[in-house]
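Undergrad: In my numbering, the protein residues as written are 14 to 537. Every residue, glycine too, gets a C-beta built ideally from N, C-alpha and C. All values derive from a computational prediction rather than experimental measurement. Provided herewith is a single structure, encoded as structure tokens, for subsequent inquiry.
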Ligand SMILES: [Zn+2]
């Protein structure tokens with residue numbers, strides 16, 4: 014080969030290449046041409062439209078976030094800086110069984126109202142009705158690539174509304190048909206959010222029946238369990254059973270220990286070990302923080318939501334129901350000192366962001382149950398919270414598991430959101446790899462790149478190899494670190510220097526460019 018004749022759009026010179034497989038780093042130049050990785054090795058002399066002198070910094074595949082809440086917010090703010098500045102180049106949307114499609118015009122308003130606190134409101138995303146229509150909206154509109162899981166909650170809501178009962182055989186068949194349509198339109202699997210309504214009202218048979226459809230099309234069942242509290246062992250068994258009964262892969266999202274299960278990380282990893290030994294194709298993920306986030310109405314008993322948002326609003330006003338709710342909240346494992354407000358809708362509500370529920374209730378001089386009911390009505394259910402678990406030992410243990418991958422689970426709304434939204438990937442690389450040496454750099458990057466790509470079927474992503482899409486991150490391994498904290502969560506990381514998506518820079522010298530080179534990936 015005549016090396017002098019080669020031409021690249023961009024050449025990264027003298028990189029420490031970490032290829033995404035977990036293999037040790039090696040030194041090489043990497044050339045990009047036409048949006049793909051086109052050369053690896055000693056590439057000079059060559060012609061290059063652009064040369065980036067890496068000088069021994071790390072070049073790795075772009076990070077793949079397989080659980081997040083960007084589904085709507087990516088349209089509200091296409092710069093998407095919280096994610097892109099971490100080095101994220103692909104996001105799998107449709108998580109927790111709750112997303113925008115499939116949806117029908119007559120049902121959309123209530124669904125939006127219920128999940129505004131999780132996903133946000135933007136008319137562009139919410140105008141799609143099918144998976145195909147939704148995926149078509151992304152071309153030329155987003156800095157990152159996106160892929161989709163068909164959300165089970167949408168299917169159940171379309172077929173039977175918010176009814177608190179098991180699905181009939183006919184209703185299950187209708188859900189199966191909707192799932193098959195979404196999968197045939199390019200989704201990479203389906204997601205469940207079994208502690209959220211309306212999925213909370215389902216029985217295991219319904220999940221098994223949907224996994225049977227998944228088995229025919231291929232793809233992964235990604236699940237938010239029915240419980241992360243005292244009933245978590247049964248909740249894990251439920252989804253392992255669905256996988257065992259149908260031979261389908263299951264991915265347990267945010268496999269983290271809440272306050273109730275603090276210290277039990279080893280025991281829960283053991284469950285996955287045993288399942289895998291038994292031939293169940295199970296994997297997990299987590300984010301590197303000691304707190305979770307969710308919407309307030311999902312933290313209180315779910316019978317309140319039966320029948321839909323109008324029924325829930327009526328119950329929240331009813332003094333007898335408030336008494337019943339107060340009894341349940343008092344006898345439950347609620348610690349309102351560990352719940353912090355992240356995002357509220359009204360100006361009055363926003364003043365509470367950063368306060369604990371316990372403090373805000375005390376300030377209001379109301380009993381906590383009345384305070385919560387009044388607040389949900391005032392904010393039209395649009396309230397999200399950070400819930401502290403203080404489970405650092407479990408966080409460190411779980412991230413070392415070989416079948417674990419990295420996610421942000423980022424909500425992108427509010428002034429006091431969980432710092433995972435801005436800091437997850439740099440926190441792994443700086444804090445858990447460099448400072449604590451809890452993982453090797455190569456293994457951490459495998460969990461962010463090739464492992465999620467292989468797991469969910471993104472065939473041309475997640476690895477530095479000729480012919481793969483040029484989704485790349487260049488970072489300084491001595492400087493990379495998160496800066497977002499619970500007190501100041503809206504803070505970009507340091508040390509992520511260049512981020513490329515499909516051959517175009519979305520971050521250059523640490524700053525967001527205006528490029529929107531992302532595409533919708535479809536399972537073929
Ligand atoms: Zn979740």
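By the DSSP assignment, the beta strand (DSSP E) with residue 203 in it spans what residues?
TA: Residues 202-206.
Undergrad: Between residue 286 and ligand 1, is the CB less than 6 Å from at least one heavy atom?
TA: Every heavy atom of ligand 1 is 6 Å or more from the Cβ of residue 286, so no.
Undergrad: Check each candidate in 375, 79, 93 and 480 and name the one with the smallest Cα separation from residue 160.
TA: Nearest of 375, 79, 93 and 480 to residue 160, Cα basis: 79.
Undergrad: Mind checking residue 37: buried by the 16 CB within 10 Å criterion, or exposed?
TA: Exposed is the call here.
Undergrad: Taking DSSP as the reference, what is the three-state secondary structure of residue 490?
TA: In this structure, residue 490 counts as coil in the three-state DSSP scheme.
Undergrad: Based on DSSP bridge pairs, tell me the residues matched to residue 579.
TA: Nothing about residue 579 can be reported from this structure: the residues present for the chain run from 14 to 537 only.
Undergrad: Using a 10 Å radius around the Cβ and a threshold of 16 neighbouring Cβ atoms, would you call residue 75 buried or exposed?
TA: That one is buried.
Undergrad: When DSSP builds the beta bridges, which residues end up paired with residue 221?
TA: According to DSSP, residue 221 bridges with nothing at all.
Undergrad: I'd like to confirm the pairing. Which residues does DSSP put opposite residue 482 in its beta bridges?
TA: Per DSSP, 49.
Undergrad: Which residue's Cα is closest to the Cα of residue 298: 272, 264 and 271?
TA: Closest option to residue 298, Cα to Cα, is 264.
Undergrad: Spatial neighbours of residue 225 within its chain, please: CB distance less than 6 Å, with the 5 preceding and 5 following residues excluded, ordered by chain position.
TA: Answer for residue 225: 259, listed in chain order.
Undergrad: Please determine if the region 426-445 and the region 351-361 are in contact, where contact requires at least 3 C-beta pairs separated by less than 8 Å.
TA: The answer is yes - the region 351-361 touches the region 426-445, with three or more Cβ pairs under 8 Å.
Undergrad: In this structure, does DSSP put residue 540 in helix, strand or coil?
TA: An answer regarding residue 540 cannot be provided, because it is not within the stretch 14 to 537 covered by the chain.
Undergrad: Do residue 236 and residue 221 have their CB atoms nearer than 7 Å?
TA: It is not a contact, given that the beta carbons lie outside the stated cut-off.
Undergrad: Could you tell me how far apart the beta carbons of residue 535 and residue 407 are, in whole angstroms, since I believe they sit closer than 8 Å?
TA: Not really, about 36 Å apart at Cβ, beyond 8 Å.
Undergrad: Would DSSP call residue 352 helix, strand or coil?
TA: Note: residue 352 maps to strand in three-state DSSP.
Undergrad: Among 144, 129 and 282, which has the Cα closest to the Cα of residue 107?
TA: Ranking 144, 129 and 282 by Cα distance to residue 107 puts 144 first.
Undergrad: Taking 6 Å as the cut-off, is the C-beta of residue 27 nearer than that to any heavy atom in ligand 1?
TA: Every heavy atom of ligand 1 is 6 Å or more from the Cβ of residue 27, so no.
Undergrad: Once the 5 residues before and after residue 14 are set aside, which same chain residues still bring their CB inside 8 Å of it?
TA: Model confidence at residue 14 stands at a pLDDT of 46, short of 50, so the residue's coordinates are unreliable; what they give is reported in the following sentence. Nothing meets the Cβ criterion.
Undergrad: Which whole-angstrom value is the C-beta distance of residue 39 and residue 30, which I expect to be below 8 Å?
TA: Between residue 30 and residue 39 the Cβ distance is about 5 Å, and since that is below 8 Å, they are a contact.
Undergrad: By DSSP, does residue 210 sit in helix, in strand, or in coil?
TA: Note: residue 210 maps to coil in three-state DSSP.
Undergrad: Which value, in whole angstroms, describes the spacing of the CA atoms of residue 506 and residue 496?
TA: When rounded, the distance between both Cα atoms is 5 Å.
Undergrad: Can you tell me whether DSSP reads residue 74 as helix, strand or coil?
TA: Three-state result, residue 74: strand.
Undergrad: Going residue by residue through the region 352-395, where are the continuous beta strand (DSSP E) segments of at least 3 residues, counting only ones entirely within it?
TA: Within the region 352-395, the complete beta strand (DSSP E) runs of at least 3 residues are 352-357.
Undergrad: Could you check what DSSP says for residue 335 in three-state terms: helix, strand or coil?
TA: Reduced to three states, the DSSP call for residue 335 is helix.
Undergrad: Among 149, 27 and 404, which has the Cα closest to the Cα of residue 279?
TA: Checking every option, the nearest Cα to that of residue 279 belongs to 404.
Undergrad: How would you label residue 18, buried or exposed, when you count the other beta carbons within 10 angstroms and need 16 or more for buried?
TA: The residue in question, residue 18, is exposed, as its Cβ has fewer than 16 Cβ neighbours within 10 Å.
Undergrad: Within 10 angstroms of the Cβ of residue 346, are there 16 or more other Cβ atoms? Answer buried if so, exposed if not.
TA: With fewer than 16 other Cβ atoms within 10 Å, it is exposed.
Undergrad: Tell me whether residue 119 sits in a helix, a strand or coil according to DSSP, three-state version.
TA: If DSSP states are grouped into helix, strand and coil, residue 119 belongs with the helices.
Undergrad: Under 8 Å, with one C-beta from each stretch per pair, do the region 310-327 and the region 284-302 reach the 3-pair mark?
TA: No, they do not touch.
Undergrad: Tell me which residue opens and which closes the beta strand (DSSP E) that residue 20 is part of.
TA: Counting along the chain, the beta strand (DSSP E) containing residue 20 begins and ends at 20-30.
Undergrad: Classify residue 55 as buried or exposed, calling it buried when 16 or more other Cβ atoms lie within 10 Å of its own Cβ.
TA: Per the 10 Å Cβ criterion, exposed.
Undergrad: Candidates 311, 401 and 69: which alpha carbon is nearest residue 301's?
TA: When each option's Cα is compared against that of residue 301, the closest is 401.
Undergrad: Since residue 71 and residue 135 should fall inside the 8 Å C-beta cutoff, what is the C-beta to C-beta distance between them, to a whole number of angstroms?
TA: Actually they do not touch by this definition, with Cβ atoms about 35 Å apart.
Undergrad: If you reduce the DSSP assignment to three classes, tell me which class residue 418 lands in.
TA: Here residue 418 sits in strand by DSSP.
Undergrad: By Cβ distance below 8 Å, which residues in the same chain neighbour residue 269 in space, the five residues on each side in sequence not counted?
TA: 241, 299, 300, 305, 402, 404, 407, 408 and 411, listed in sequence order.
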